[in-house]
Each structure stands twice: as structure tokens, then as C-alpha cells.
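These notes concern the structure reproduced below.
So, in C-alpha cells, the structure goes:
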């Protein structure tokens, strides 16, 4: 007796199709499993055998062999429990496997026969859609997640008895799950209008978002750095449906989907603590999983108190910042996770935080130098803008004039993003910050006067080739915000203003 049931296993960011084959034959009673399995999949043998017994299915004493193919794909997670149980039941004739031939099965099995939620259901549903399958059988708790895709039928089940009963009725229409809630609405509970004063900081945030440039904020405690960073997602254009789905897949793999909303509608804002490990930041582990940079995909990765991070931690961000993805190699294979995020960081200028206000700063010059030196020049070169914030005065806090709202700023940013979308049509990238050398020479042409002044600034700021390119890209974004076709000296001058902290704090004369 032989049966085949289809399932899926997570491999990096995506799910891969897997077939669960079961053969039942005469011989010494046994229950064997093969197919490049991790420990939690191997343990499914005891879970499935006990669950079937407690669900009331009496299996004859036979030799049972389960094979998960393809054999070269490492099988991990607990989602294979349900398809294994279904394959065994089909092999013994308790259900007709052909009814499930166009369905993916996913779910963990409890010892009492209950079907428990598992991670990566949305990714499996996307796979079912790509493979042209009719639907997916999932635990009840995962039904809303799987129902995001309109073209995939969802069959939620609570236990093995219910699952077999549904299959015996040849999947009646009443067994399919439908979700009426609108998943796709985007709402934020913060607004840029709440940020008082700080015109330079507000301007830097708009420029950074306009071209998806990395931003470093320096200033004393309580000057609005964190407040501004948390509001940056509100001035970014709304995520497209495809981006929301991609982001939700990542959160599904980590078990972080909000069960009330299911879809990750808002751009993510991730703020790991400065004690974070490299593995937690970029992803990895014995069983690879996405890190903070992948959870910040299409959104903001905010590194608060940047100088407090270990230097080695910051260095691991270099490749993802350039590649917009992270590669993780393990014995079981290589995994790729998306990591297209905007990096925003903040730091105090000294250990006490109040330099250069000598009336409040009590740090020695060497202590200031050592503190700020924890941020390497190599990392700093990857920051497009650097802005200094000021202490907020009492009069500013009590000023009742309304500041620009996120909606107003977002409208300008959206227009600039559309300009860049047309500019880079047919390219692999969409924003000024991602320009290659060819496009840099094409879209960042300087007139004779600007080129001459640029040379003077180049020597004054001791620029590297990388920083020079970033200043041109920033100037291109400033020109786009101004509606200018060509970069003018005023645009370059403003771009240099946002490199002043670089010159003041890190330059070595």
C-alpha cells in the first residue's frame, strides 16, 4: 500500500514543494522515516503515531516507511506532521489521497490528535498559488493567514478526526474558509506634525526618504532623534500589494504576524538594542531564520545609540547595505533573505551627550574622540546624510503653530519617487541612492562652476570616492525635490551641509 501527499518546507525566504511518500508492507512492524530530516521532523514519528492512536485510528502492525522528497532538500519545522499523518491514513485506506492531490497540507500534530499552528503558512500558500494548486489545508489558527490570497482555497482543520471526515465528504463547499476583513488598509498612530522645531532634522528626513538615503542623526538626549526616526515610515509612500505580501511572508516565517491584522500593512520600523548579536541582526542560527535587517525589509532599520554598538556588529551591515539582501551559508545549504531597508542611526556626540555645549558637557577631549571613534570611517562612508540636532527650547515646545503633517511631506516624497521610477525604468534599482557609476555620470552632470567648487569641497572635506558619489546622489534627490532637471550649486551646497558632522567629528587633519 502506497500513498503520496503534498506539503512544503521553508528554505530561506521561500517555501519549496515536498512530497510525503508512505509505503505500508508486511514484515517486522516498524515506523521509519528518511529524506534529509532535522531533529524536529524526525521526532514527528512519535507525534504522528501517538496522535493517530489517540484520535481513534487503529493501525495494523505493519512495516511503515515514510520518505520526504526531494532528498537533497533539508526538511525542518513541524509543518510536515499533518501531511505525514494524512499519508499514513491514506496508505491504510482511511481516506482517499486523490481528493487531496491538488492541495498542500501543513500543520503540527498534537499527541491528542489536535492540529496545531505552524510557521510559514503564508509562504506555503504563495507556493500553492505558483504551482497552480487548488488550495491548502492548514490548522484553524493559521486559516486567516492563508486566506490572504483570494485564488487559493483554504481548508482549516482542528483535529485529525475532522480532517478525515472532511476528506470523506469530498471537500464540500462548506469546508472552505473565507475572510471578509479588509487586510490591506494602512494606518499609522504617529505623525511628523508632533515633532516640534528641528527644521534641519525634518529637512534631512525628507531628503533621506526622497532618495532612500541612509541617515545619521547626532545630538543631545531629548532633542527628537528617536521621535523623528519613528515617524519616518509615515512619510514613505504606501507599500504596494506585492510588497505587503512579501513582507508578510518574512514575518510569517518568524511567527511574528499580527493575528488581528495578518497582513503587514505598515512599513516596518525595527530598532534592535545595542547589545544585539550579529546573528540576531543579519539572521542565521543552526536552523537559519531572518534577522532584524530582513524584518526591516521595505522599511526602516533604526540603530539608536550607534556608538554603543560593538564595532564588529556594525561591520556585518556593509554587505547587506550594498546588496539589499543577506546570504547565509550552512551545511544544509545556502539561504538568501531580502534586506532592502533604509538605515537610520542616531548617536550622542560624546559620552554625556551634550558636546559641543561646554556649559553642560563634562567630557575630556580624549573621551569624546574615543567615543565617536567607535563608529568607523568605513561605516560612516555608507551614511548618505549626517545631521546635527539641537536642544529643544521651552519656547519651541510651547509654540502652537502647526508643523507640516506626514501626509503633506509624503505627497512630495511620492512625487519624487515617481520621478525616479521613470528615470530608472528598466533598471534593477529604483532610487537615487542606488545609482551605479554609469547613471551617476548621466544624471549628476555638473556645470563648470559647480565642478570647480566641488573640487574645493572635495579637498576641504577629505572625501573618499564613495562619499563623493553619495554627495552627488544626495544632491540629485535635492534637485528632484526642487523640481530641477539638473543639479545646481545650491543643491550640492545643501548636500555638503549634511556632511558637516562628518568633517567636524571624524576628519583627521
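Residue numbers (the UniProt record's numbering): 1 to 509. Cβ atoms here follow ideal geometry from the backbone N, Cα and C, with glycine treated the same way. From a predicted model like this one, the values you see are computed outputs, not experimental measurements.
Three Cβ pairs or more, each shorter than 8 Å: is that satisfied between the stretch 271-285 and the stretch 240-259? no
At 4 residues or longer, what runs of the alpha helix (DSSP H) sit wholly inside the UniProt domain "Mg chelatase-related protein C-terminal" (404-499)? 406-423, 437-443, 448-460, 465-481, 489-497
If I follow the unbroken beta strand (DSSP E) through residue 135, where does it start and stop? 135-139
Say whether the stretch 83-98 touches the stretch 20-35, bearing in mind that this needs 3 or more beta-carbon pairs closer than 8 Å, one atom from each stretch. yes
Between residue 192 and residue 406, how many whole angstroms is the CB-CB distance? I'm expecting something under 8 Å. 4 Å
Which whole-angstrom value describes the C-beta separation of residue 208 and residue 384, a residue pair presumed to lie in contact below a C-beta threshold of 8 Å? 7 Å
Taking Cβ to Cβ, would you say residue 161 is nearer than 8 Å to residue 8? no
Quick one: what's got a C-beta closer than 8 Å to residue 198's C-beta in the same chain, skipping five residues either side? 223, 224, 228, 389, 390, 392
Within a Cβ cutoff of 8 Å, which residues of the same chain sit near residue 11, ignoring the five residues on either side of it in sequence? 73, 74, 333, 335
Kindly indicate which three-state DSSP category residue 51 falls into: helix, strand or coil? helix
The stretch 99-111 in contact with the stretch 64-72 per 3-pair CB rule at 8 Å: no
Should residue 272 be counted as a contact of the ligand ATP given a C-beta to heavy atom distance under 7 Å? Summarising the ligand content, the structure contains no ligands, and the ligand ATP is consequently not present.
Do you know how far the Cα of residue 381 is from the Cα of residue 508? With a pLDDT of 49 at residue 508, under the threshold of 50, the modelled position of this residue cannot be trusted, and the question is left open.
When you compare only the Cα positions, how much space is there between residue 194 and residue 403? 7 Å
What's the gap between the Cα of residue 210 and the Cα of residue 416? 6 Å
Mind checking which residues open and close the beta strand (DSSP E) that includes residue 370? Careful: residue 370 lies outside any beta strand (DSSP E), inside the alpha helix (DSSP H) at 365-372.
Output the boundary residues of the alpha helix (DSSP H) element that contains residue 203. 199-211
Identify, in the order they occur along the chain, each residue of the same chain with its Cβ nearer than 6 Å to the Cβ of residue 41, setting aside the five sequence neighbours on each side. 75, 80
Tell me whether residue 239 sits in a helix, a strand or coil according to DSSP, three-state version. coil
Cβ-Cβ distance between residue 119 and residue 135 below 8 Å: no
If you run the structure through DSSP and keep just helix, strand and coil, what is residue 165? helix
Looking at the unbroken beta strand (DSSP E) that takes in residue 516, where does it start and where does it end? Residue 516 lies beyond the range of the chain shown here (1 to 509); nothing can be said about it.
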